[in-house]
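Chains A and B supply the protein sequences, listed in that same order.
For the first sequence, the working numbering gives the first residue as 9, with consecutive numbering after it.
For the second sequence, the working numbering gives the first residue as 4, with consecutive numbering after it.
Every residue, glycine too, gets a C-beta built ideally from N, C-alpha and C.
Quick caveat, the model's predicted, so the values are computed rather than measured.
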Amino acid sequence: MCYNQNTLVRGKETEMLIFQAVVYEQEPSCCIQPDEALFARIAAGEKSAFCTLYEQCSASVYAFALSILRNREDAEDAMQETFLKIRGAAHLYEAQGKPMAWIMTITRNICLMACRRRSHFADCPETDIPDLGLEQISDADDRLVLEKALKMLPEDVCRIIMLHAVSGMKHREIAAVMQMPLSTVLSKYNRGIRALRRELEEKS
Amino acid sequence: MRVMNAKEINAHIRNAAFSAVPDKAEEIWKQPVQEARPDDWYLEGTGKTVKARSGNQLFRIAGVTAACFVLLFLGLFQLFGRTDAVVYLDVNPSVTLDVNRLGKIISADADNDDGRIILDNMDLKGIDVDVAMNALLGSMVKQGYLSQAQNTLLISVNGKNEARTTALRQKLSVNAEQTLETLLGSGIVLGQTLIRMMPQRMLPSTTESPLVKQL
């Protein structure tokens with residue numbers, strides 16, 4: 009099995025929050041930056057490199073896709089397509105020290121295309137989310153928090169929280185991927201976390 | 004469930020995502036792959052757009068810089084180039100002085116033939132208005148328009164800002180009285196302030212000047 013959570017490289021980083029007035033509990037987040045050399049090896053057809061990249065980034069891609077599409081099956085399809093496209097485009101990757109941003113930009117493009125396809129039949133993202141199909145998450149608290157985030161947060165806020173929480177991306181990297189000003193990303197992130205906390209407090 | 008902080012919320016979301024993601028690496032690896040081209044739709048924003056955004060940012064910075072220069076230019080023009088008050092020195096020779104906010108002469112013009120004799124090709128541009136007025140009074144005495152018998156001077160100041168215009172008129176009146184006293188032994192200075200939305204030229208001695216009407 010390629011996927012093994014224990015092999016993830018986790019580090020600590022401190023977010024530089026320059027002009028955010030209300031910042032609370034900006035914790036050092038999980039930082040998952042895949043090795044940029046992997047792309048050249050994938051382009052050369054090395055399967056182990058692809059498996060390593062998948063191990064390191066699949067959860068981030070999946071969570072980001074889930075935050076856009078709000079449907080487990082669609083998110084899985086989008087993740088699969090994203091990694092296929094990464095395989096096909098690995099030779100075009102230019103090392104800039106931001107492999108996660110490169111991957112997330114491709115994920116966003118693929119999800120938005122899926123949305124456009126879906127919009128022929130229904131609204132996108134799904135406004136009514138009766139069942140996200142996340143039963144495979146064994147920990148009840150983990151599942152509850154993720155479901156709350158997906159169900160109650162606005163789409164863009166949810167995307168920002170997913171990118172920060174799962175991918176460990178810095179806010180300025182998220183701002184680049186989301187094509188938003190840094191201040192907007194920071195305020196949306198803080199608003200989202202506050203709303204989630206309030207909702208979970210009420211639940212408790 | 005106990006109350007969570009942001010760190011714990013993020014940790015729960017992260018754990019949930021890692022639990023939910025399926026392992027499809029093998030499956031994906033087996034699928035045929037089409038080699039991407041740089042202009043493929045799903046690569047939009049991965050490299051080219053970053054450069055384009057940098058270009059946009061440069062364009063924005065250039066725009067802001069240009070706007071700053073325009074504002075600076077307008078500010079300087081407001082201070083130095085724009086007429087803040089018009090001063091009329093009226094004996095019989097009439098001279099009009101355009102003055103900026105700093106009290107410097109922007110232009111000096113004669114309003115009649117005697118005024119042209121008084122100015123006598125004097126270049127008053129950029130000079131303090133009180134210095135210019137002293138020079139003009141000296142010229143009026145020299146040319147015989149002011150004497151001990153005829154020692155009355157009318158100073159009219161036309162401006163938009165009442166406080167500044169009044170202060171300028173008072174300063175010029177005091178200055179003129181001292182100059183006439185030095186040159187002629189004594190002098191009568193009549194002063195009036197005219198407030199206009201735009202400091203416009205009009206001859207106080209020939210138009211609606213209240214002081215002239217009163218006299």
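### Task
Report yes if the C-beta distance between Arg80/A and Leu142/A is below 8 Å; otherwise report no.
The answer is yes: Cβ separation under 8 Å.
#### Entry: Of the residues Ala67/A, Glu155/A, Ala45/A, Ala148/A, the one placed nearest Lys106/A, counting alpha carbons only
Scanning Ala67/A, Glu155/A, Ala45/A, Ala148/A for the CA closest to the CA of Lys106/A turns up Ala45/A.
### Task
Assuming Met108/A contacts Met170/A (C-beta within less than 8 Å), just tell me the rounded distance between them.
So it is not a contact: roughly 13 Å between Cβ atoms.
### Message
Counting only C-beta atoms, is Arg199/B closer than 8 Å to chain A at any point?
### Response
Cβ-Cβ to chain A under 8 Å: no for Arg199/B.
### Query
Checking contacts by CB at 8 Å: is Asn18/B closer than that to chain A?
Judged by the 8 Å Cβ criterion, Asn18/B is in contact with chain A.
### Query
I think Ser68/A touches Ser175/A, with their Cβ atoms under 8 Å apart; what is that distance to the nearest whole Å?
Confirmed, about 4 Å.
### Message
Please list, in chain order, the residues of the region 24 to 36 of chain B that have any C-beta partner in chain A closer than 7 Å.
### Response
For the region 24 to 36 of chain B, the set of residues with a beta-carbon nearer than 7 Å to any beta-carbon of chain A comprises Val24, Pro25, Asp26, Lys27, Ala28, Glu29, Ile31, Trp32, Gln34, Val36, in chain order.
### Task
Output yes or no for whether 8 Å exceeds the beta carbon distance between Gly50/B and Glu102/A.
Pairing Gly50/B with Glu102/A gives a Cβ-Cβ distance under 8 Å.
### Message
Determine, for Ile169/A, whether the minimum Cβ-Cβ distance to residues of chain B falls below 8 Å.
### Response
Closer than 8 Å to some Cβ of chain B, the Cβ of Ile169/A qualifies, so yes.
### Task
Give the straight-line distance between the Cα atoms of Val53/B and Lys27/B, rounded to the nearest whole angstrom.
Unreliable placement is indicated for Val53/B, whose pLDDT of 44 sits below 50; no coordinate value is reported for it.
### Message
If the criterion is Cβ atoms closer than 8 Å, does the pair Ile158/B and Ala135/B meet it?
### Response
Judged by beta-carbon spacing, Ala135/B lies beyond the 8 Å limit of Ile158/B, meaning their Cβ atoms are not closer than that value.
### Message
Does Ser175/A come out as helix, strand or coil in the three-state DSSP assignment?
### Response
In the three-state scheme derived from DSSP, where H, G and I count as helix and E and B as strand, Ser175/A is classed as coil.
### Query
So, is the C-beta of Glu102/A closer than 8 Å to a C-beta in chain B?
Interface residue, yes.
### Cross-chain neighbours of Thr113/A in chain B, by beta carbon under 7 Å
Going along chain B in sequence order, the residues near Thr113/A (Cβ under 7 Å) are Gly48, Thr49.
### Query
Are Ala203/A and Val193/A closer than 8 Å when you measure CB to CB?
Cβ atoms of Ala203/A and Val193/A: not closer than 8 Å.
### Query
First and last residue of the alpha helix (DSSP H) that includes Asn178/B?
Where Asn178/B is concerned, the enclosing alpha helix (DSSP H) starts and stops at 165 to 187.
### Task
Could you tell me which chain C residues have their CB closer than 9 Å to the CB of His179/A, listed as they occur along the chain?
Absent from the structure: chain C. Protein chains present are A and B.
### Message
Buried or exposed for Glu19/B, going by 16 or more other Cβ atoms inside 10 Å?
### Response
It is worth fixing the name first, because residue 19/B is Ala in this sequence and not Glu. By the neighbour-count rule (16 or more Cβ atoms within 10 Å), Ala19/B is buried.
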